[in-house]
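Engineer: Residue numbers (the working numbering): 472 to 568.
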Amino acid sequence: MWKRSSTQGIYKWLDILSDLFKSGDKLRISKFKNAFEKVYTPNWTTEIFTISRVENTHPVTYKLSDYRDQPIAGGFYEQEFLKVEHPDIYLVEKVLK
């Protein structure tokens, strides 16, 4: 946000930067790690989430839904997200025969 003044002496806050995430974006959430957790474990979830709603609070919070469009409890901040480049590619845990 930037503060810009006009010739009448009116000061307004302007949103010059656009939002990083929009409704419908696919992303991963950061994992919480304890102090003694291994460093080589991943920092992001393997599950892919979708932004269902953007709430214009300060700071901006996001509501998420999972793959089955079930809402996730709580709100999330943009610092907790990692945008997915290829949302159609999933990790395979094991091959069933």
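Where is the CB? At the ideal position from N, CA and C, for every residue including glycine.
What do you get for Y538, buried or exposed, if any count of 16 or more other CB atoms within 10 angstroms of its CB means buried?
Structural biologist: Exposed is the call here.
Engineer: Quick check on the burial criterion: 16 or more other C-beta atoms within 10 angstroms. Buried or exposed for R499?
Structural biologist: Label assigned to R499: buried.
Engineer: When the Cα atoms are used, what is the spatial distance from H557 to V525?
Structural biologist: Cα to Cα, H557 sits roughly 22 angstroms from V525.
Engineer: Quick check: the Cα distance between P542 and S494, rounded to an integer number of angstroms?
Structural biologist: If you take the alpha carbons of P542 and S494, they lie about 14 angstroms apart.
Engineer: With a threshold of 8 angstroms between beta-carbons, can V555 be considered close to chain B, or not?
Structural biologist: Judged by its chain identifiers, the structure shown contains no chain B, having just a single protein chain.
Engineer: Can you tell me where the beta strand (DSSP E) with T521 in it begins and where it stops?
Structural biologist: Per DSSP, T521 belongs to the beta strand (DSSP E) from F520 to E526.
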